[in-house]
Amino acid sequence: MQKVSIIIAVHNRADLTLKCLEALSRNTEYRNWELVMVDNASTDQTPEIFKALEGTVITLRSEKNLGFAKANNWGAREAEGELLCFLNNDTEVRRGWLNSLIECMGRHPGAVACGGKLLFPNEKIQHAGLIFDKVDRIAYHIYRGLPGNHRLVNRERKIKAVTGACMLVKRWAFQDAGGFDEMYLNGFEDVDLCLKLGELNGEIYYTPKCEVIHHTSATPGRGADDAQNAALFQQKWFDKINPDEDSFLAEDGFRAEWSGADCTLKEIWCDVIIPAHNNVGYTKKCIDSIFENTHFPNYRITIVDNGSIDGTVEYLKSLERRAQVIYNQENLGFAKACNIGAKEAKGYYLVFLNNDTEVKEGWLTELVKSATEPEVAAVGGKLLYPDGTVQHAGVVFDKIDGIAYHIYAGQPGEAVYVNRGRDFQAVTGACMLVKRDDFISASGFDEKYMNGREDIDLCITLGTMVKKIRYNPRCVVMHHESKSPGRKAHDAENIRRFAEKWAGQVKSDEDDYYIQDGFRVNWVSRLEYRLEYTGAPASIVVEPVKGVDFVGWVRDIIEMTVFPDYKFLIRMAPGFSFPPELQGIVSRAEGADIVSAARSLKESIVCGVETGFLPLKGWLSQLVLWGNGVGAGELIVEGSVKRGRGYPDLSEDVVNEIKYFRLFG
């Protein structure tokens, strides 16, 4: 049983401290714990309380008010536990609180910190996790003021930050993160700590099973330094934070509307529109999978039957209490059926879904989370054949005649390059979320197409409206592709219509994605292509330089490096020590690893990057492609571009090309 050190920093309010201690004694069932109390120069009866506790708890007293961060750091240094639990003295814990925090941490192997549900004395929510707004990137308490029994605050979830008023942290993680930043004055130090833990690759969880009453901020002068703390926090973290407000709320079926400092939550509804023509067995599997695997709270199903004659109508009649059903007397095709369903929809999002699909757990939540940015109009998911290979992972246009096709079709569904969320010009309509307002502005699906290309056409139309089309591989759907009779009968006509309508307006973009993923595409014939991996693992040689935030710079380099396999070779110059948080940052990067040496790896592309220089996204893939294009197995780029060792055939054109990328990229 791990030992827990409960650390309480106190400044006056002896009455609340007594209530806190009484609740601890009464409601802490976990047996292996110690109490560390730090008196921050209290002037009331607090010293007498501490004197009475001597010998039973660890008591520390400062003759001046150290503030929250410094006092808790002092308490942590004196503590013996493997787990540290920071607790405000204006709290009253409820039965099972500590067990719940420890059990939460045990359920999640990556967890380094957990926080509980904090309630005002009136049982309304004070804390159920912290999220970051997209404007100021300041953390705020989500669902503050909701009833404590509300469904939105009563599920365990991963989160970026929890309050320091009741926070359990693994001791080693707290130490590796450097503890609380003592530059803050009674505010923001808890959020700052959580972000530092995140940089160490640690996970943070909120659990509602831990309940604590919080007489919030009862200490005099608690919010006096908020403006100064906020300025310090933004200076330190603004460029590093990825605001999670929209995606967090979207997962719960809400979006935030701000008016000044006031936030109103609006419900998000999705209308799932399914056109069907015969194949009642597939339709039933599709509907069953939706009911089983859709956890998004606000959705409606609309099924548009296109004149089925195989028992589909009888099945749909049995669903009329759970779904809206529209019956067409004849087969009007995919585009028209979807448009008919869309006219009946009232949701913020429309989701078009083929009836020969089976959705997997969390599919709709993932689509909605990817659509929260205003400029994103449509989102598609990863569609797999029943054997687990890819049917859809985004749509690209070939460089021969600009015809659209599904990138990586037939590749393993778990491949790294298939599981990168990114933007495309188009995604498949077999599973596509579209914002209703954008769908209306685009005039819906073009009904001149007959069961093909209308989805790509819609995406291109949305693109002309300066909207983004996003692919989210975490939305997974099995697709028994094109089971409806006559599905491919109009392909040639649809391709011709698309080419005529969009001539000169669609970019041939297949190379953009293959290069990014470390591949080159070679077309063997009009219908067959082969992918070639463009090289060996890459090694990026970097070293710290005085005056440069080395850790922050490496983080930025990782963000701009999209490559299947690369390592950082870090040359530690005299006077520099290896930053411990660097390993956590690199380990989270897809395809990256770290080696603390300045040596070349065999059969590796070696790229020395000047510290402080930041290239654009995809820079390494571009360099590797150019290097392989002239037969280079090892390409060396250091400051100004140098010719590779042993590669006299590295043409001047390529050197100039790389110089251009180095100087302007």
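With our numbering applied, the sequence shown closes on residue 665, and no number is skipped along the way. Glycine included, every Cβ here is placed at the ideal spot set by N, Cα and C.
In the DSSP output, what is residue i paired with across the bridge?
i: valine 472; result: According to the sequence shown, residue 472 is asparagine rather than valine. DSSP lists Gly381 as partners of asparagine 472.
i: phenylalanine 424; result: Ile469
i: methionine 37; result: Ile8, Thr59
i: leucine 87; result: Cys166
i: histidine 479; result: Thr357
i: cysteine 114; result: Leu168, Tyr205
i: methionine 432; result: Phe352, Gly380
i: arginine 94; result: Answer is none; arginine 94 lacks a bridge partner.
Check whether the Cβ atoms of residue i and residue j sit closer than 8 Å, and answer yes or no.
i: aspartate 423; j: lysine 468; result: yes
i: isoleucine 204; j: alanine 161; result: yes
i: asparagine 72; j: phenylalanine 180; result: yes
i: glycine 421; j: proline 386; result: no
i: glutamate 528; j: valine 521; result: no
i: isoleucine 273; j: alanine 323; result: no
i: alanine 393; j: valine 418; result: yes
i: glycine 347; j: cysteine 459; result: no
i: proline 121; j: histidine 215; result: yes
i: histidine 479; j: asparagine 354; result: yes
i: proline 243; j: lysine 317; result: no
i: isoleucine 403; j: isoleucine 495; result: yes
i: phenylalanine 86; j: methionine 1; result: no
i: valine 304; j: alanine 335; result: no
i: leucine 433; j: leucine 367; result: yes
i: leucine 193; j: threonine 163; result: no
i: threonine 302; j: isoleucine 326; result: yes
i: alanine 342; j: glycine 444; result: yes
i: glutamate 481; j: glutamine 411; result: no
i: isoleucine 557; j: isoleucine 585; result: no
i: tyrosine 140; j: leucine 130; result: yes
Whole angstroms are fine: how far does the CA of residue j sit from the CA of residue i?
i: tyrosine 514; j: asparagine 278; result: 38 Å
i: glycine 148; j: alanine 128; result: 9 Å
i: glutamate 80; j: asparagine 40; result: 21 Å
i: lysine 659; j: glycine 380; result: Since pLDDT at lysine 659 reaches only 36, below the 50 mark, its modelled position is unreliable, and the value read off the structure follows with that caveat. So the alpha carbons of these two residues sit roughly 37 Å apart.
i: phenylalanine 578; j: phenylalanine 550; result: 10 Å
i: serine 525; j: aspartate 446; result: 31 Å
i: tyrosine 184; j: valine 112; result: 22 Å
i: serine 247; j: asparagine 328; result: 37 Å
i: valine 427; j: arginine 94; result: 50 Å
i: alanine 157; j: aspartate 310; result: Strictly speaking, residue 157 in this sequence is arginine, with alanine absent from that position. The straight-line gap from Cα to Cα measures roughly 44 Å.
i: serine 5; j: leucine 84; result: 5 Å
i: cysteine 104; j: threonine 91; result: 20 Å
i: threonine 372; j: arginine 470; result: 11 Å
i: leucine 16; j: phenylalanine 296; result: 41 Å
i: isoleucine 159; j: leucine 200; result: 15 Å
i: tryptophan 523; j: tyrosine 405; result: 13 Å
i: asparagine 65; j: alanine 76; result: 17 Å
i: serine 284; j: threonine 365; result: It should be pointed out that residue 284 corresponds to lysine in this sequence rather than to serine. One C-alpha to the other measures close to 22 Å.
i: tryptophan 97; j: arginine 26; result: 11 Å
i: leucine 195; j: tyrosine 299; result: 34 Å
i: threonine 668; j: glutamate 414; result: One cannot answer for residue 668 here, as it falls past the ends of the chain, which runs 1 to 665.
i: glutamate 361; j: asparagine 99; result: 30 Å
i: arginine 599; j: glycine 504; result: Residue placement at arginine 599 cannot be trusted, given a pLDDT of 43 that sits under 50; the coordinates are not used to answer.
i: leucine 319; j: cysteine 286; result: 13 Å
i: phenylalanine 439; j: tyrosine 315; result: 30 Å
Let me confirm a value: residue i is counted as buried when at least 16 other C-beta atoms fall within 10 Å, else exposed. Which label applies?
i: glutamate 245; result: buried
i: aspartate 401; result: exposed
i: aspartate 239; result: exposed
i: phenylalanine 352; result: buried
i: valine 416; result: exposed
i: aspartate 176; result: buried
i: glycine 115; result: buried
i: isoleucine 102; result: buried
i: asparagine 628; result: Residue placement at asparagine 628 is poorly supported in this model, since its pLDDT is 45, which falls under 50; the coordinates are not used for a value here.
i: aspartate 262; result: exposed
i: isoleucine 8; result: buried
i: lysine 369; result: buried
i: alanine 227; result: exposed
i: asparagine 154; result: exposed
i: proline 705; result: Summary: the structure shown does not reach residue 705, with the chain confined to residues 1 through 665, and so no result is reported for it.
i: tyrosine 566; result: buried
i: alanine 69; result: buried
i: glycine 429; result: buried
Beta-carbon of residue i versus every beta-carbon of chain E: anything under 8 Å?
i: cysteine 210; result: The chain inventory of the structure shown lacks chain E, comprising one protein chain alone.
Whole runs of the alpha helix (DSSP H) within the region 319-389, excluding any shorter than 4 residues:
333-344, 363-370
At what residue ranges does the region 225-309 contain a whole run of the beta strand (DSSP E), taking only runs of 3 or more?
254-259, 262-267, 270-276, 299-306
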